[in-house]
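Engineer: Once you've had a glance at the structure underneath, I'll fire off some questions.
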Amino acid sequence: MLKLIASRLLQMLLIMVVVSLLLFLIFDSDKFKKQIAVAELGGFAVSALSEQDYEAWLEKKGLNVAFYERYAKWASGVAHGNLGRSFEKNEPVLSLVAERLTNTGILAFWVFALMIPLSLGLGIVAGMKEGSKRDRVVSFVAVFTTSLPEIATAIIVTVVFALGLRWVPANSSMVNGWDWRQLVLPVMTLVLYDFGYVARMTRASMAEVMTSQYIRTAVLKGLPYRRVIMRHALRNALIAPFTIIVLQLNWLLSGVVVVEVFFQYAGFGKLLLDAALFGDVYVIQAATLVAVCVAVVSQIISDVGYTLLNPRIRFG
Amino acid sequence: MEIPVLECRNLSISYYTRQGEVPAVVDFNLRLMPGEAHGIVGESGCGKSTVALAIMNYMGRNGAIVGGEILFEGRDMRTMSAEELRQIRGAKIAMVYQEPMASLNPSMKIAEQLAEVPMYHEGIGEAEALRRAEKMLVQVRLPDPQRIMNSYPHQISGGQQQRVVIAMALLSNPRLLLLDEPTTALDVTVEAGIVDLIKEIARTTGTSLIYISHNLGLILETCTRLTVMYSGEAVESGDIHAVFDEMRHPYTRGLFNSIPLPGADKNSRPLVAIRGQLPLPHARPAGCYFAPRCDHFAAGVCDHRPLPMRAVAEGASHAVRCARFAEIDWAAATLPHTPREKVLAGELVLSVEELTKHYTVESSGAFLVGARRTVKANEQISFAAREAETVAIVGESGCGKSTFAKVLMGLEDATSGRVQLGDLDLANLPVQSRNERTIARLQMIFQNPFDTLNPSHTVGAQISRVIRKFGVERDPEKVEARLNQLLDIIKLPREFAHRRPRQLSGGQKQRIGIARAFAGDPKVVIADEPVSALDVSVQAAVTGLLMDIQRDNRTTLLFISHDLSVVRYLADRVVVMYLGRIMEKGSTEEIFAPPYHPYTEALLAAVPIADTSVRKRRIVLSGEIPSPSNPPKGCPFNTRCLYMMAGTCDAIPPPQREFAAGHVIACHLPRETLLAMEPVISIAPA
Amino acid sequence: MAGFLAPFRQPRRIVGVMLLMWVPLTLYVMFGDGLGGARFYVLMPAIPATLLLYVLAITSWRESPVALIGATLVFFWLLVAVLVPYLPLVDPNKPMAPFAVIGAVRNDHLFVLGADFKGRDMLARTLWGCQRVLVWGVSATMVAYVVGCLLGLIAGYLSGWWDQGISFVSNVLLSFPVMVLFILILNYLGPSGFNIVIAVTFASAPAIMRIVRGITLDMKSRDYIYAAQTRGEHPLRIMVFELLPNARGPIIVDACLRLGYTTVAITTLTFLGLGLQPPDPDWGLMIKESAKVAMLFKFSYMLLAPALCVSSLVLGFNLMADGLREMSLRD
């Protein structure tokens, strides 16, 4: 067990190093340096800049040294909790990312809080009797909602609940302070898109368990149906959905980008996109590393959880 | 009058599929009295397991009982409510399944899975239930019940799992115990232990048994009455001795003719296979389902229904479903024996000297670097095979026979030793480094018919590839001619060349596998359990074919098998292996007669034989086969050996004792003890 | 009917018909400007090819209603893609009547689906909008599949260092949230159709590689692979002729699903400004352009029309995948 976690952590560290190196390599190109210059000095000023002045500007910004030197400097900064400053917003990256991450965290919390019971419940009910009417209804709804791209779901819920029924605002930028009503549509969009996938996986897992021979054994032992489901089936059927749900964290970091941009929600995904479009190198680096970190940690949790839940592996 | 424990009257069961209703069992009758043990025997697809599940009233989503009734202690189970059924299941009728591992819940400890039976049926407390469970584990003779109670199913061996399932079934003293192929997934020496336990249960508890099996020998050992099923219906039923000695249905007789009983011999009394194959459920003939395969078919008599079960004599319990049983001369020599000349072995073709194969596996430890362990898959294997000779390699799982085949074929390198084919040493010559001629000279037939052919390509394409690859022929017309010739040899129609594997039956696939192996005129063919996955009647046909081709080509056959009956029938010489080592080797006669290695002796005693005149000594090994990654010190067999001498057998590897030229036993026992052994099998005069 | 279709059911001919549909469409969309006057005629052979493929699909998938509905949705858009130049539609890029609502008549033109904020006809834009996402989506998925299958076969069959290396690279790529990876790559390469193909390959090939590797590992221990090994076949031949054909079933199902993902990805990226570029119509682009100005119920058609169209295409791919999986499990 310890070995598993240790090797996974080691792998994660390796991945983070590779990723951050890659990022530095990418953003070391002249194109991006120029982009930063344009962003800071203005396009006109940059085009008027002589070669020498540009070099001087680069030196002032510390951009003229080889990328590995910058990498070493940046890495030691990271070790001391200093992620650099945002070029665009002129703020420390750390506090910027932390603030946005908190906002996305709130979003994610509600998404998971609604999605987990909904998808597990529907998936189990559908999988208990494969081919039944309930199963077919759940399966159809699940395929249907997962087939709607988030952008389409976002548009549909906005048109219906904000523009049509006027129950909630269509914009979630929260410019006038925190407003939970503005959270409704982003959460709804993400839940609608995601629950179907998890419900389908849960259903498949439950259906497989229900056709297994040990469930037949349990029924033919004369156990009450409740006991067969609750004690014999669920434990085994929920192993796969558990890992899938944890891995949804990774997916959510993708999903929030479009939802946050569409609803103007000041979260992590929007930060990432804005930084990318602006060329705000340190912000992109920090955000990407955070995203990769979350993804890898969720993978470790899912692996470890799978092992813990599955005695066949735990004591294998 | 005593009420039968179970009675099936005109039971019919169907499955509903996309093709519509498929009858799985038709007009099935059974009367089981208290304390009786009834066998149901038949090949795969005959509906025997469906009967068992119907008795439990567990038909799945697309199955249904469409006619007849099932009376349990006089009450029709079809009219019972779900709650009544639940109270009977597991309490009055209990079941033991074919695959013990799959039948136990992988995420629950054994203790809980056992204890819940009395807790839910008798409402007793958990502590009391656990106490009963542990007591029951002792009764099914499991060592260290405390440890087993606290284990998960995957932590104990297959034989132990099956004992747990049996204990689970017995916990509430059922009136009826259904056993559905309970030993099929187990090794033969482990099987013998389970069969012994089942016999003891039947004797001591008075529980009625229904024992379902494809193996006639097992039925003979465990039951007093039996029903033979074919294609969804019972064709013969009665007292076990009546059916075994005076069978009155052509199918039953065909079945007995196709299994290698001790009297059979490949030269003087070859097996006779039932021709054709089992009809698909929706393509059954109009009259007798066996008619197309029957030698006694008579138009106008056998091709219409109704065809009821009829008693062979007034008032007899022995009944058959055959319109002509009274007209057939059962005493006549039904076996169209065509004795053949014995093939004389030629010169030495293959010799294996001190072949050793070790693997290193990394075991998962608690630390970052796992401990490395060595699996000794093969240890000092030596034997020789001559032209046109059949050498059988016999052993149970973990004996290293598959590894041996891989080394021979060049898929694995030997750790040490030599494999001499002609003047070439193959031990460290991987297949990529062998030339085409060498590869073609050494070919293999594989075990699993469903795996042996590539499902994506036609049969013809797969054989043609071999013909071209080995350079037998290059010209497309000649390749096709050779392909047709091969199809003729394996007695399949030529148009099969255009079929894909999924359109063939298991036996047909195995035939194609044989054709593929012989396409390049091999000198040596390794057959890895080529018939073990096939039904008995098909087995006989495929082995017969294999032996014919071998005889015509004077090929050397290395026949890997766990089935001693088949080995006795077709092998010239036998090598007995256990945990990677040779225990005994010699000619077939020497192996099957004393002196024996203690393992050979136990193996012989474990094989069930479907012949009422055969007497066997009772030798039941305890325990399980140890893991090859952690074999016992000294003689690998010492942990289970009945002659174990502490201090010697568990410390020093056994010496090789030669009893005749080529007959070698690796054992510490003194020569005299080995020589004084009595035969395991004797045939009582009829 | 069945007799007429029979000759087309051979795998080789089906591939031929697919190419007859696909090559003109790709030429038209990717290299349309280079074709000059010939551009108008390029799509003509694709029309019968698409119809034939649709008929083949619905006749062979009769058992699965789910697959039928899916195929109908997908082929509807394929047909629109090859037919749209020949339909009586106005120029989708011509500004005519800004904010003309559904059913409005302006300048003697009936705006069936209204007009967008620049006054361009929504019906024309919506129908034209399927071309680019279909062509780029399918191309990107195909490239990702070729790369992924190759790597998966190598990693699974050759194992050892090959597997270690390939698996590590894919683990690195898989630990990026997909959208982050897309944003990084497209930001670096610049937004364009070809770069979308590259980005999709980077994002999807590792996942495809994992699937193919898993199937390969499972099949590697089958006897027919041993049989090929024991007759000394070259590893490459074993991978391509013995392993790959048997992985066909799961690969096709997964490919349908992935076509859906890619369609979503392209639309989303275009919405974020990192994908296809104006002025030619595309569903993602239409959403992007209208998102700020259409926030009134009466103008919501500007967003709903492209959103529903892209949804129907993705739904089509997903239902097709579902139906195919169901059918493959039956036999």
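Chains as they are written, first to last, in the working numbering: chain A, 5 to 320; chain B, 5 to 690; chain C, 100 to 430.
Yeah, the Cβ is synthetic: ideal placement off N, Cα and C, and Gly gets one too.
Quick caveat, the model's predicted, so the values are computed rather than measured.
Determine the DSSP secondary structure at Cys12 (chain B), reduced to helix, strand or coil.
Structural biologist: The answer is strand: DSSP assigns Cys12 (chain B) an E or B state.
Engineer: Would you say Gln512 (chain B) lies against chain C (beta-carbon separation less than 8 Å)?
Structural biologist: no
Engineer: Under a three-way DSSP split, which group does Ala241 (chain A) fall into?
Structural biologist: helix
Engineer: Run through DSSP, which three-state label would Ser176 (chain B) get?
Structural biologist: If DSSP states are grouped into helix, strand and coil, Ser176 (chain B) belongs with coil.
Engineer: When DSSP labels each residue in this structure, what does Ser420 (chain B) get in the three-state scheme?
Structural biologist: Ser420 (chain B) carries a strand assignment under DSSP once its states are collapsed to helix, strand and coil.
Engineer: Using a beta-carbon distance cut-off of less than 7 Å, what residues from the region 99 to 123 of chain A approach chain C?
Structural biologist: none
Engineer: How about Pro8 (chain B): is its C-beta nearer than 8 Å to some C-beta of chain C?
Structural biologist: no
Engineer: Applying the 10 Å Cβ sphere with the 16-neighbour rule, what's the burial state of His42 (chain B)?
Structural biologist: buried
Engineer: Quick check on DSSP: helix, strand or coil for Gln447 (chain B)?
Structural biologist: strand
Engineer: In the DSSP assignment, what residue or residues form a beta bridge with Phe387 (chain B)?
Structural biologist: B:Val356
Engineer: Within the continuous alpha helix (DSSP H) that includes Lys637 (chain B), where are the two ends?
Structural biologist: Lys637 (chain B) -> no alpha helix (DSSP H), and no H or E assigned at all.
Engineer: Between Ala370 (chain B) and the rest of its own chain, which residues show a CB-CB distance below 7 Å, the 5 nearest in sequence each way excluded?
Structural biologist: Any answer about Ala370 (chain B) is weak, because its pLDDT of 41 lies below 50 and its placement is not dependable; what the coordinates show is given next. There are no such residues.
Engineer: In angstroms, rounded to a whole number, what distance separates the CA positions of Met419 (chain C) and Ser151 (chain A)?
Structural biologist: 12 Å
Engineer: Is it buried or exposed, Arg344 (chain B), if we count other Cβ atoms within 10 angstroms and call 16 or more buried?
Structural biologist: Its Cβ having fewer than 16 others within 10 Å, Arg344 (chain B) is exposed.
Engineer: Going along the chain, which unbroken runs of the alpha helix (DSSP H) with 4 or more residues stay wholly within the region 57 to 105 of chain A?
Structural biologist: 71 to 83
Engineer: With 8 Å as the threshold, decide whether the Cβ of Gly168 (chain A) is near any Cβ in chain C.
Structural biologist: Chain C has a Cβ within less than 8 Å of the Cβ of Gly168 (chain A).
Engineer: Assign Leu414 (chain C) to buried or exposed, taking buried as 16 or more other Cβ atoms, counted over all protein chains shown, within 10 Å of its Cβ.
Structural biologist: buried
Engineer: What residues from chain B crowd round Pro48 (chain C), counting only those whose CB sits closer than 9 Å?
Structural biologist: Nothing can be reported for residue 48 (chain C): it is not among the residues displayed for chain C, which extend from 100 to 430.
Engineer: For Ser24 (chain A), which residues of its own chain have a beta-carbon under 7 Å away from its beta-carbon, when the five flanking residues on both sides are left out?
Structural biologist: Gln289 and Leu293
Engineer: If you check the beta carbons only, do Ser565 (chain B) and Val398 (chain B) fall under 8 Å apart?
Structural biologist: yes
Engineer: Taking Ile553 (chain B) as the reference, which of B:Ala521, B:Asp576, B:Gln512 and B:Tyr573 has the closest Cα?
Structural biologist: B:Ala521
Engineer: Could you tell me the alpha carbon to alpha carbon distance between Lys217 (chain C) and Lys274 (chain A), rounded to whole angstroms?
Structural biologist: 27 Å
Engineer: Just tell me which of B:Ser686, B:Gln159 and B:Ala431 has its CA closest to the CA of Lys620 (chain B).
Structural biologist: B:Ser686
Engineer: Between Thr206 (chain A) and chain C, is there a C-beta pair that is closer than 8 Å?
Structural biologist: Not closer than 8 Å to any Cβ of chain C, the Cβ of Thr206 (chain A) fails to qualify, so no.
Engineer: List the residues of chain F whose Cβ lies closer than 8 Å to the Cβ of Leu257 (chain A), in chain order.
Structural biologist: Note that chain F does not occur in the displayed structure, where the protein chains are A, B and C.
Engineer: Taking contact to mean at least 3 C-beta pairs separated by less than 8 Å, is the region 141 to 160 of chain A in contact with the region 363 to 382 of chain C?
Structural biologist: Because the criterion of three Cβ pairs below 8 Å is met, the region 141 to 160 of chain A and the region 363 to 382 of chain C touch.
Engineer: Would you mind telling me which residues of chain C sit closer than 8 Å to Leu276 (chain A), beta carbon to beta carbon, in chain order?
Structural biologist: Val279 and Ile282
Engineer: Please confirm whether Ala106 (chain B) has its beta-carbon closer than 8 Å to some beta-carbon of chain A.
Structural biologist: Output row for Ala106 (chain B): interface = yes.
Engineer: List the residues of chain A that Thr366 (chain C) touches, going by C-beta distances under 7 Å, in chain order.
Structural biologist: Simply Pro153 and Ile155.
Engineer: Which of helix, strand or coil does DSSP assign to Gln15 (chain A)?
Structural biologist: helix
Engineer: Let me make sure I understand the geometry here. Which of B:Met112, B:Leu230, B:Ile263 and B:Val168 has the alpha-carbon closest to that of Val611 (chain B)?
Structural biologist: By alpha-carbon distance to Val611 (chain B), the top candidate from B:Met112, B:Leu230, B:Ile263 and B:Val168 is B:Ile263.
Engineer: Leaving aside the five residues before and after Leu433 (chain B) along the sequence, list all residues of the same chain whose C-beta is less than 7 Å from its C-beta, in chain order.
Structural biologist: Gly414
Engineer: Who are the neighbours of Val409 (chain C) on chain A, taking C-beta pairs under 7 Å?
Structural biologist: Pro153 and Ala156
Engineer: Taking 8 Å as the CB-CB cut-off, is Ser211 (chain A) touching chain B?
Structural biologist: First, the residue type needs correcting, since residue 211 (chain A) is Ala and not Ser in the sequence shown. With its beta carbon at least 8 Å from every one in chain B, Ala211 (chain A) lies outside the interface.
Engineer: Does the Cβ of Tyr323 (chain C) have 16 or more other Cβ atoms within 10 Å, making it buried, or fewer, making it exposed?
Structural biologist: buried
Engineer: Short of 7 Å Cβ to Cβ, which residues in the region 299 to 323 of chain C face chain B?
Structural biologist: Cβ proximity to chain B below 7 Å picks out Arg321, Asp322 and Tyr323 from the region 299 to 323 of chain C.
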